[in-house]
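The structure under discussion appears below in the form of structure tokens.
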Amino acid sequence: GAVVSQHPSWVICKSGTSVKIECRSLDFQATTMFWYRQFPKQSLMLMATSNEGSKATYEQGVEKDKFLINHASLTLSTLTVTSAHPEDSSFYICSARDLGAGELQPQHFGDGTRLSIL
Amino acid sequence: RKEVEQDPGPFNVPEGATVAFNCTYSNSASQSFFWYRQDCRKEPKLLMSVYSSGNEDGRFTAQLNRASQYISLLIRDSKLSDSATYLCVVNSWPYNQGGKLIFGQGTELSVKP
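Which chain is which? The protein sequence lines are D and V, in order.
Every number in my numbering is 6 more than the matching position in the first sequence, counting from 1.
Every number in my numbering is 10 more than the matching position in the second sequence, counting from 1.
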């Protein structure tokens, strides 16, 4: 089945560091990828929609200069958390849309990245 | 009001019990509906899609009531391995027109021996 690979799975770093997270669709082309954030005991919140070859669409309240998204190819999207602070500590999950799969399998999720900022 | 609302949980049930989760959504234009399962510290995994006519997959039965904007999931003969958080998910508009998934807060299920 379709697989989305997300890397790294766990990051611990100092406050002020920028962290890049990669999301790859391994066996399908993804013109659209999604980035979510999940805080403990809360649901997934969509941060932005990443479209290959164009600017990402950010959800209300998400700072585009803080969370840089690049979707340069049909199989790779990256999220960079710039100058991360402890409040950015969260579980970040990407997903990719395989248009060929139809509505029965809307998005394939990566394994998630647990980000801890000290 | 949240776009997708679920039972607060947690649900603590014995093995073999039948448990039902409910979910309501606010956008009447929503097109497709899903139940996802999320294990602790893991990514969500699609459990089943929800069709207007209702659908069943083994011990799991999903129902959709568009008039009431209500979705349900029934788990029969619950197993220890069913312990997880169950997420009600709604796609706001047709998938092939750029729809996006809206997740409910999730309902935690704990099945005890």
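Ideal placement from N, C-alpha and C gives every residue a C-beta, glycine not left out.
Select from the stretch 82 to 99 of chain D all residues with a C-beta closer than 9 Å to any C-beta belonging to chain V, and list them in chain order. Per Cβ criterion, the list reads 97, 99.
For residue 86(D) and residue 24(D), believed in contact at Cβ under 8 Å, the rounded distance: Walking along the first sequence from the start, residue 24(D) turns up at place 18. Walking along the first sequence from the start, residue 86(D) turns up at place 80. Rounded, the Cβ-Cβ distance is 6 Å, consistent with contact.
I'd like the list of long-range same chain contacts for residue 73(D), defined as Cβ closer than 8 Å, with 5 residues on each side in sequence excluded. Stepping through the first sequence from its first residue, residue 73(D) is reached at position 67. 41, 53, 54, 64, 85, 86, 87, 88, listed in sequence order.
List the residues of chain V that residue 117(D) touches, going by C-beta distances under 7 Å, in chain order. What you label residue 117(D) is simply residue 111 of the first sequence in a count that begins at 1. From the beta-carbon of residue 117(D), the residues of chain V found nearer than 7 Å are 53.
Residue 11(D) and residue 39(D) look like a contact to me (Cβ under 8 Å); what is the Cβ gap, rounded to whole Å? Counting from 1 along the first sequence, the entry for residue 11(D) is found at position 5. Counting from 1 along the first sequence, the entry for residue 39(D) is found at position 33. Cβ atoms of residue 11(D) and residue 39(D) stay farther apart than 8 Å, at about 12 Å.
Excluding the 5 residues preceding and the 5 following residue 115(V) in the sequence, name in chain order all residues of the same chain whose CB lies nearer than 7 Å to its CB. Taking the first residue of the second sequence as 1, we reach residue 115(V) at position 105. 16.
With three or more beta-carbon pairs closer than 8 Å as the criterion, would you say the stretch 81 to 96 of chain V touches the stretch 24 to 39 of chain V? Yes: the two stretches touch, three or more of their Cβ pairs being nearer than 8 Å.
7 Å Cβ cutoff met for residue 48(V) and residue 95(V): For the purposes of this step, residue 48(V) is taken as residue 38 along the second sequence, with counting starting at 1. For the purposes of this step, residue 95(V) is taken as residue 85 along the second sequence, with counting starting at 1. It is a contact, given that the beta carbons lie within the stated cut-off.
Under 7 Å Cβ-Cβ, which residues of chain D neighbour residue 113(V)? Within the second sequence, numbered from 1, the residue matching residue 113(V) stands at position 103. Those within 7 Å of residue 113(V) in chain D are 49, 50.
Hey, out of 117(D), 123(D), 51(D), whose CA is closest to residue 15(D)'s CA? The residue you call residue 15(D) lines up with position 9 of the first sequence. Comparing Cα-Cα distances from residue 15(D) to each of 117(D), 123(D), 51(D), the minimum goes to 117(D).
Residue nearest to residue 60(V) in terms of C-alpha spacing, selected from 26(V), 113(V), 54(V), 98(V): As a first step, residue 60(V) must be located in the second sequence, where it is residue number 50. Nearest option by C-alpha distance: 98(V).
Is residue 67(V) buried or exposed, if buried means 16 or more other CB atoms sit within 10 Å of its CB? Counting from 1 along the second sequence, the entry for residue 67(V) is found at position 57. With fewer than 16 Cβ atoms within 10 Å of its Cβ, residue 67(V) is classed as exposed.
Minimum Cβ-Cβ distance from residue 19(V) to chain D less than 7 Å: In the second sequence, counting from the first residue as 1, residue 19(V) sits at position 9. With 7 Å as the cut-off, residue 19(V) does not count as an interface residue toward chain D.
Closer than 7 Å, CB to CB, is residue 64(V) near chain D or not? Sequence index remark: in the second sequence, residue 64(V) carries index 54 (1-based). Taking 7 Å as the CB threshold, residue 64(V) stays off the interface with chain D.
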